Amino acid sequence: MTLSENIGQNTHSRHQIIWGEEGQKTLEDAVLLILGSDKLAIDVSMSAAMLGVGTIYIMGEKKQDNAMFLDMHFDYSTTLATQLSPMLEKLMQPVKMKKKYLGIPLKPTLRNLRNFKKNVKKIDGIISTTNNTAEQTEIIRFIEETETLHYLAGVCNETEIKIFGINPKLEKPKTLEVEGKQSFLTTGIISGVLVEEFRKQLFYKNKDVFRRLKYDKQLGQINILQPERNTSSYFEKVISEGKMTLDKEITLNFIREGKKPWEGNFRNKKILLVGAGALGNFYSIIMSKLKIARLDVVDFDIVEPHNIVRQPLLYDAIGKYKSDALSEKINKIHGRKISKSYRARVVHGKTQLREFGHDWFEQNKYDLIIGATDNYGARSALNEIAYKQKMIFIDGGTSPGGGRLITYYPNKTPCLSNFIDLARLVQEEQRTNQTRSCAFFEASVNMTNQIVGNLMAIETLHALNNRPFSGKITYSSFGKRFDYYKVKNETDCKF
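All residue numbers for the sequence shown refer to this note's numbering, where the first residue is 16 and numbers rise by one.
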């Protein structure tokens with residue numbers, strides 16, 4: 016069976032467009048050890064499972080009763096690591112692959128790590144998720160002892176993240192420090208980066224696989240990442256230049272104008288989320304936990320098996336409308352009904368907006384629109400509506416290797432069409448009949464959507480309190496990782 020024939024049945028089909036069946040098998044055969052038992056461990060394990068990592072161990076001794084895995088609550092009866100493994104099984108139950116998730120209720124000490132290594136056949140990588148520097152020191156001693164293991168680490172609090180990754184043959188590990196507890200507001204960003212870095216390290220380690228890799232001709236043309244980026248020669252080049260592994264610390268701080276993202280009143284704010292796919296899911300995981308008035312969802316697609324590995328809140332909703340399923344999960348996580356579902360699409364016709372016109376937006380009086388769509392027709396429609404209705408509009412977009420978000424704030428920041436030639440792109444889309452839904456198979460991975468969806472949530476909080484970023488925020492897996500491109504404020508909009 017070719018990749019094209021298999022694509023409707025294979026839950027990881029969007030991944031295989033990029034790195035093929037052999038690449039996905041490399042992930043399925045991989046063993047990842049996650050150290051820590053806090054909110055970051057939850058998000059890293061979820062991201063790794065959705066990517067398709069076949070064996071995931073989570074080691075940590077802490078108990079949690081104030082944390083959630085999607086719509087599932089942890090309790091204080093046993094350790095987070097122990098409870099997390101069956102939750103991962105529940106998330107990945109529709110995915111047909113060899114998988115093993117195991118929680119180890121032990122503190123990640125040097126002794127425990129040595130004993131663990133004796134009892135497993137292999138470890139392909141270690142990700143530290145603990146903020147505790149004493150635990151980090153023990154982990155680093157183990158890494159230095161073993162030498163060959165790839166090591167990645169992340170820490171965070173409510174406003175700051177730090178990420179570090181090394182090739183142990185080139186760099187020495189280091190501890191990372193932040194003040195305060197881990198926060199669900201920031202863990203998704205770190206998790207996406209750490210799991211993507213692990214994937215690249217794993218593929219480099221198994222580079223012989225990619226010498227044999229053959230791409231499906233029908234799908235190779237829409238591969239967003241160049242195929243040569245998955246070959247041994249490319250990986251050898253980027254690792255020698257220090258671009259592949261994080262050979263230095265990355266720090267991001269989300270305080271803006273002296274204010275933390277959530278400083279302000281959100282109780283009366285109404286948000287419309289257009290798109291219940293990958294970006295919409297990761298955005299909703301964050302926003303459903305905050306005290307906002309409304310988070311309504313617009314989408315017209317039905318949940319299919321291949322959606323699960325990028326749209327985690329829909330894990331038990333195969334066959335349902337995405338908007339209905341996501342709205343239900345938002346209400347469940349939040350604890351009261353704040354979300355309404357609209358089974359509809361937003362598209363831009365030749366002469367008029369259809370399905371959601373200006374009158375409807377005037378009646379509903381949303382404070383902010385989130386664009387989590389995958390086509391330029393919808394972006395163009397939302398851009399025009401936001402400009403004419405004087406509403407904040409945050410648009411996000413991703414590819415397998417990166418993503419970006421742009422915020423339009425009336426009379427303060429440029430609109431989307433000042434960054435992107437929407438008119439030309441809409442015409443091209445219409446000419447090639449590519450105004451499509453997520454049912455159209457295009458290369459996509461969970462990590463970039465996790466990162467950008469999380470960044471969009473943080474930007475929402477700042478924008479609702481009159482602190483928008485005027486420019487473009489980007490993430491790139493093969494470059495600087497994060498960048499903020501600031502532009503001059505413009506009040507006119509180019510249609």
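Glycine included, each C-beta is placed from N, C-alpha and C at the ideal position.
Keep in mind that this is a model prediction, so the values were computed, not measured.
For residue i, which residues in the same chain have their Cβ closer than 7 Å to its Cβ, ignoring the five residues on either side in sequence?
i, result
"V193", "N146, V170, C171, N172, E175 and K177"
"D76", "Per the sequence shown, the amino acid found at residue 76 is Glu instead of Asp. Around E76: S52, T94, P120, L121 and K122."
"V68", "L42, A45 and L47"
"H27", "Q39, G67 and V324"
"R394", "G386, T388, D410, L431 and L437"
"I57", "A82, F84 and L99"
"K487", "R419, I421, F434 and Y500"
"S62", "S206, G207, V210, N461, M462 and Q465"
"V110", "T26, I323 and V324"
As a quick exercise: from the options, pick the residue whose alpha carbon is nearest that of residue i.
i, options, result
"L85", "N280, M102 and D139", "M102"
"Q151", "N130, G35 and P188", "P188"
"R439", "Y219, R309 and K509", "K509"
"F269", "A82, L128, L200 and S100", "L200"
"H30", "D498, I73 and R214", "R214"
"R282", "M302, I307, R271 and T266", "I307"
"Y330", "M302, K105, Y490 and N469", "K105"
"T70", "K114, V59, S60 and E37", "K114"
"E272", "A472, V502 and N481", "N481"
"M74", "M87, D80 and L50", "L50"
Between the C-alpha atoms of residue i and residue j, what's the straight-line distance to the nearest angstrom?
i, j, result
"K512", "D507", "Here the chain covers residues 16 to 510 and nothing more, so residue 512 does not appear."
"K427", "V324", "37 Å"
"V312", "F297", "13 Å"
"A401", "G195", "38 Å"
"Q326", "G295", "8 Å"
"V467", "R309", "21 Å"
"L117", "D139", "16 Å"
"I154", "L420", "35 Å"
"A64", "N461", "10 Å"
"S338", "F131", "43 Å"
"L55", "L164", "21 Å"
"L476", "E159", "41 Å"
"A291", "N379", "19 Å"
"I300", "L341", "10 Å"
"N511", "V289", "Here the chain has residues from 16 to 510 only, and residue 511 is not among them."
"I33", "N280", "43 Å"
"T148", "Y166", "15 Å"
"V59", "I142", "8 Å"
"Y490", "A332", "30 Å"
"I317", "V502", "38 Å"
"I204", "D80", "23 Å"
"E319", "G412", "21 Å"
Please classify residue i: is it buried, with 16 or more other beta-carbons within 10 angstroms of its beta-carbon, or exposed?
i, result
"H321", "buried"
"K344", "buried"
"T144", "buried"
"R446", "exposed"
"Q108", "exposed"
"K284", "buried"
"V135", "exposed"
"E399", "buried"
"T266", "exposed"
"G417", "buried"
"E212", "buried"
What residues in its chain sit with their C-beta under 8 Å from that of residue i, if we drop five residues either side in the sequence?
i, result
"I407", "D382, L383, I384, A401, T422, Y423, Y424, P425, A478, L479 and P483"
"E264", "K177, I178, F179, K189 and L191"
"R126", "none"
"K304", "M83, F199, I348 and H349"
"Q404", "H373, F376 and E377"
"E474", "I409, L420, T422, P483, F484 and I488"
"K137", "V46"
Tell me which same chain residues have a C-beta within less than 6 Å of the C-beta of residue i, skipping the five on either side of it?
i, result
"K78", "Y91 and T94"
"K352", "N346"
"Q98", "F89"
"F157", "L125 and L128"
"Q241", "Confidence in Q241 is poor, its pLDDT being 36 and thus under 50, which makes the residue's placement unreliable; the coordinate value appears in the next sentence. Excluding residues within five positions, none has a Cβ falling inside 6 Å."
"K355", "D311"
Between residue i and the ligand HEM, is there a pair consisting of the residue's CB and a ligand heavy atom that are separated by less than 7 Å?
i, result
"Q79", "Among the ligands in the structure shown, none appear at all, so the ligand HEM cannot be discussed."
Counting only runs of 3+ residues fully inside the stretch 284-339, write out the beta strand (DSSP E) ranges in chain order.
-> 285-289 and 309-314
Uninterrupted alpha helix (DSSP H) stretches inside the stretch 190-229 (no shorter than 4 residues) | Segments of the alpha helix (DSSP H) lying fully in the stretch 190-229: 199-220 and 222-226.
Can you give, in chain order, each stretch of the beta strand (DSSP E) that sits fully within the stretch 364-417 and has at least 3 residues?
-> Counting whole runs of 3 or more residues, the stretch 364-417 contains the beta strand (DSSP E) stretches 383-386 and 407-414.
What residue ranges within the stretch 423-486 form continuous beta strand (DSSP E) runs of no fewer than 3 residues, ordered along the chain?
-> Correct list: empty.
May I have a chain-ordered list of the alpha helix (DSSP H) segments no shorter than 4 residues that lie completely inside the stretch 43-85?
-> 54-66
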